[in-house]
Amino acid sequence: PTNFSHFLAMKTSFDPRYDSANSMLQTIHSSEGGRAFLLLRQREKLQREMEQAKEKIENETKKRTFSAIDSKFGGSHAEALEEKFKQETIGLVSAEEFREKRKKITDLMEEHERQKEEEKEKERAARRKGKTKLSKLSFGEDADDQADQEVEQEIRKAAGKKHLGKDPHVNTDMLPDPDRDAALAAHRQQLIEEYVREQERIKEEVLEVTYSYWDGSGHRRIIRITKGTTIGSFLDQCRKNLEVEFPELRQVGTDNLMYIKEDLILPHTVTFYDLIKNKARGKTGPLFRFDVPDDIRIYADVRVEKDESHAGKIVDRKWYERNKHIYPASTWEVYDPNKTYEASRDLL
89 PTNFSHFLAM
99 KTSFDPRYDS
109 ANSMLQTIHS
119 SEGGRAFLLL
129 RQREKLQREM
139 EQAKEKIENE
149 TKKRTFSAID
159 SKFGGSHAEA
169 LEEKFKQETI
179 GLVSAEEFRE
189 KRKKITDLME
199 EHERQKEEEK
209 EKERAARRKG
219 KTKLSKLSFG
229 EDADDQADQE
239 VEQEIRKAAG
249 KKHLGKDPHV
259 NTDMLPDPDR
269 DAALAAHRQQ
279 LIEEYVREQE
289 RIKEEVLEVT
299 YSYWDGSGHR
309 RIIRITKGTT
319 IGSFLDQCRK
329 NLEVEFPELR
339 QVGTDNLMYI
349 KEDLILPHTV
359 TFYDLIKNKA
369 RGKTGPLFRF
379 DVPDDIRIYA
389 DVRVEKDESH
399 AGKIVDRKWY
409 ERNKHIYPAS
419 TWEVYDPNKT
429 YEASRDLL
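Just so you know, we're using my numbering here: the sequence shown kicks off at 89 and counts up by one.
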């Protein structure tokens, strides 16, 4: 081999016993069965193995061992140890020396790791000891500690509820509430329906009305109607009752009849229910009372308003047109529900 021949040349140049490399080779082969030759071959093999081991360690161990060391101890410490290892292995070293130096570096790293773990454990123990001191009272009673913890938990719960909940004492009527609005709307609708039913019931009540057919003199009659009857329907029923005694009314339509109550000409569309409900008043008395006292000609103090009512008059419109300038027709006027009429002592 080339390396071995080169070694023999170097050896013969320093050893005066050998004239050339060939003479040295002959001596080696002749001495003890070539033992020296085997040792040299083993040395070359060991050197190649050492170079391969060094290269493998540099490629693989650097990736695995030092990456783990860097994560534990920090990059600066691992890099310093690696740099120290490189400096100590510069040049030609044996595999045994290489392994010893690597083992030494690894031991240093492990020692450093143990020191770091011991320091961390001491810090954790100190923190646990500090927490234990703070959590206990000076008396060291477990029952008191548990009671304090329960009180603290209750305070935290109450504080959390106070911040996250609602104050039940605050008036929230002004805030929108769909459920409340729906309930109020349903209640209003129920009241409206009850009111309408009650008014319809009142309109069906029977009313006894005293009236007088007026053709220059009065002819009193009584008729029974419901409170919901209109003035026009009332005049039609009265006309049917009067036409037997007064045949001239057979030729008179209901539209040509007039109903005068307390000197007011009532429209045909007004109902007795409206007059009663509004407590309407005329010039000489209330419009909402249709019964007549036995004697309405009794004089009284004109300064005191009376609730006495007069019999309403049923009049043919033609008669009214002929006599509207003569008393009592001259005092009549059309009823206005928005007008307030003054009481008068004029009597019929």
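Built from N, CA and C at the ideal position, the CB exists for glycine as well.
Verify whether the separation of the beta carbon atoms of residue i and residue j is less than 9 Å.
| i | j | result |
| --- | --- | --- |
| I402 | Y299 | yes |
| F376 | A368 | yes |
| L323 | H356 | yes |
| E296 | I319 | no |
| Y429 | G370 | yes |
| L128 | S182 | no |
| I145 | R190 | yes |
| L345 | D303 | no |
| L352 | E421 | yes |
Using the beta-carbon count (16 or more within 10 Å), is residue i buried or exposed?
| i | result |
| --- | --- |
| Y423 | buried |
| M262 | exposed |
| R136 | exposed |
| T372 | buried |
| K427 | exposed |
| P374 | buried |
| I193 | buried |
| E199 | exposed |
| E350 | buried |
| R123 | exposed |
| L126 | exposed |
| R276 | exposed |
| R410 | exposed |
| L337 | buried |
| R268 | exposed |
| Q130 | exposed |
| R327 | buried |
Start and end of the beta strand (DSSP E) containing residue i?
| i | result |
| --- | --- |
| L295 | V294 to W302 |
| D404 | G400 to D404 |
| K349 | L345 to K349 |
| G306 | G306 to T314 |
| I414 | It is not in any beta strand (DSSP E) - I414 carries neither H nor E in the DSSP assignment. |
| L354 | L352 to L354 |
Can you give the beta carbon distance from residue i to residue j, rounded, assuming they're within the 8 Å contact cut?
| i | j | result |
| --- | --- | --- |
| Y361 | L354 | Going by Cβ atoms, the distance from Y361 to L354 rounds to 13 Å, so no, they are not a contact pair. |
| E292 | T314 | 6 Å |
| Q399 | R308 | In the sequence on display, residue 399 carries Ala and not Gln. Confirmed, about 6 Å. |
| A214 | F186 | Contact flag wrong, Cβ pair sits at about 43 Å. |
| R312 | V340 | Not really, about 23 Å apart at Cβ, beyond 8 Å. |
Can you tell me where the alpha helix (DSSP H) holding residue i begins and where it ends?
| i | result |
| --- | --- |
| Y361 | F360 to N366 |
| K291 | P266 to K291 |
| G320 | I319 to L330 |
So the candidates are the options; which of them puts its Cα closest to the Cα of residue i?
| i | options | result |
| --- | --- | --- |
| A406 | E201, Q277, R131 and D343 | It should be noted that the sequence gives Lys, not Ala, for residue 406. Ranking the options by Cα distance to K406, first place goes to D343. |
| N366 | Y415, P425 and G320 | P425 |
| V358 | R327, E238, V332 and S321 | S321 |
| S305 | P266, E143, Q130 and Y415 | Y415 |
Are there any heavy atoms of the ligand GDP lying less than 8 Å away from the beta-carbon of residue i, as far as the coordinates show?
| i | result |
| --- | --- |
| K217 | Among the ligands in the structure shown, none appear at all, so the ligand GDP cannot be discussed. |
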